[in-house]
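Peer 1: I'd like to ask some things about the structure below.
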Amino acid sequence: ETGVTQSPTHLIKTRGQQVTLRCSSQSGHNTVSWYQQALGQGPQFIFQYYREEENGRGNFPPRFSGLQFPNYSSELNVNALELDDSALYLCASSLVGKGETQYFGPGTRLLVL
Amino acid sequence: AQSVTQLDSHVSVSEGTPVLLRCNYSSSYSPSLFWYVQHPNKGLQLLLKYTSAATLVKGINGFEAEFKKSETSFHLTKPSAHMSDAAEYFCVVSDPTPLVFGKGTRLSVIA
Numbered sequence: 365e366t367g368v369t370q371s372p373t374h375l376i377k378t379r380g381q382q383v384t385l386r387c388s389s390q391s392g393h394n395t396v397s398w399y400q401q402a403l404g405q406g407p408q409f410i411f412q413y414y415r416e417e418e419n420g421r422g423n424f425p426p427r428f429s430g431l432q433f434p435n436y437s438s439e440l441n442v443n444a445l446e447l448d449d450s451a452l453y454l455c456a457s458s459l460v461g462k463g464e465t466q467y468f469g470p471g472t473r474l475l476v477l
Numbered sequence: 007a008q009s010v011t012q013l014d015s016h017v018s019v020s021e022g023t024p025v026l027l028r029c030n031y032s033s034s035y036s037p038s039l040f041w042y043v044q045h046p047n048k049g050l051q052l053l054l055k056y057t058s059a060a061t062l063v064k065g066i067n068g069f070e071a072e073f074k075k076s077e078t079s080f081h082l083t084k085p086s087a088h089m090s091d092a093a094e095y096f097c098v099v100s101d102p103t104p105l106v107f108g109k110g111t112r113l114s115v116i117a
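Protein chains in written order, with my numbering: chain A, 365 to 477; chain B, 7 to 117.
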């Protein structure tokens with residue numbers, strides 16, 4: 365069984381740029397959720413994708429957007445990067461109808477300068 | 007709205023002594039509750055999960071948690087701490103989604 369993988373592991377961008385983060389879900393899972401974890405804080409829910417559609421969104425502006433592909437992998441896109449976007453971005457996959465246990469990837473650490 | 011309060015930001019114990027990490031939750035429904043652990047520069051690993059079955063939940067690595075509805079608590083315990091337990095621990099509520107995390111408790115284990 366393959367776990368959740370994310371790429372890249374680290375990324376440095378400058379303010380105003382755009383970034384795309386990628387996530388491959390665990391084998392057999394059909395739902396992907398994205399979280400932002402600022403330094404010293406707990407993860408905050410960004411959004412969730414199920415069957416290639418957004419299925420819930422946290423308190424994040426529209427410049428945070430995502431995609432889910434037919435193989436259930438996912439992308440998180442952030443436009444017009446701000447310094448406060450510097451964080452660890454975590455992807456989690458789950459199987460709808462199975463108690464919603466989410467399994468997390470190792471994360472992508474984004475630094476915005 | 008659901009929320010989680012982890013009562014201690016930092017807990018320090020000696021190796022071989024018991025561990026207690028405290029968590030209170032607020033939920034308008036019958037929630038699922040989780041504990042996740044995060045080692046430095048790593049992702050989150052599920053320790054255990056409560057979903058309205060037995061109130062005492064056993065997890066990995068000797069950890070367990072007890073759901074107390076009357077106290078709205080879900081404290082995490084371990085009888086004997088090991089050096090490898092040093093990490094950040096998050097209490098999480100799901101009602102049912104999304105996951106709402108506490109701010110975390112950093113566990114230090116002293117040799």
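For glycine and all other residues, C-beta sits at the position ideal for the given N, C-alpha and C.
Values in this document were obtained by computation on a predicted structure and should not be read as measured data.
From the beta carbon of Gly380(A), is the nearest beta carbon of chain B less than 7 Å away?
Peer 2: Along the first sequence, one-based indexing puts residue 380(A) at 16. No, because no Cβ of chain B sits closer than 7 Å to the Cβ of Gly380(A).
Peer 1: Express the C-alpha separation of Leu50(B) and Cys97(B) in angstroms, rounding to a whole number.
Peer 2: In the second sequence, residue 97(B) corresponds to position 91, counting from 1. In the second sequence, residue 50(B) corresponds to position 44, counting from 1. Taking the straight line from one Cα to the other gives about 12 Å.
Peer 1: Let me know the secondary structure DSSP gives Asn394(A) once reduced to three states.
Peer 2: Taking the first sequence and counting its residues from 1, the one referred to as residue 394(A) is at position 30. Coil, per DSSP.
Peer 1: Whole-angstrom Cβ separation of Thr111(B) and Ser15(B), contact assumed at under 8 Å?
Peer 2: Here residue 111(B) corresponds to residue number 105 of the second sequence, with the count starting at 1. Here residue 15(B) corresponds to residue number 9 of the second sequence, with the count starting at 1. About 6 Å separates the two Cβ atoms, so the contact holds.
Peer 1: Inspect the CB distances between the stretch 401-415 of chain A and the stretch 450-457 of chain A and report whether three or more fall short of 8 Å.
Peer 2: In short, these stretches touch, since the Cβ pair count reaches three.
Peer 1: Just how far apart, CA to CA, sit Leu53(B) and Val476(A)?
Peer 2: The residue you call residue 53(B) lines up with position 47 of the second sequence. The residue you call residue 476(A) lines up with position 112 of the first sequence. Using only the alpha carbons, I get a separation of about 32 Å.
Peer 1: Can you have a look at His393(A) and say buried or exposed, based on whether 16 or more other CB atoms are within 10 angstroms of its CB?
Peer 2: Counted from its first residue, the first sequence places residue 393(A) at position 29. Under this definition His393(A) is a buried residue.
Peer 1: What are the boundary residues of the beta strand (DSSP E) that includes Leu82(B)?
Peer 2: For the purposes of this step, residue 82(B) is taken as the residue at position 76 of the second sequence. Segment Ser79 to Lys84, the beta strand (DSSP E) holding Leu82(B).
Peer 1: So Leu105(B) contacts chain A; which residues on that side make the cut at Cβ distance below 7 Å?
Peer 2: Looking up residue 105(B) in the second sequence gives position 99. What Leu105(B) touches in chain A: Phe409 and Gln466.
Peer 1: What would DSSP say about Asn441(A), mapped onto helix, strand or coil?
Peer 2: Reading the first sequence from its first residue, position 77 is the one you call residue 441(A). Strand at Asn441(A).
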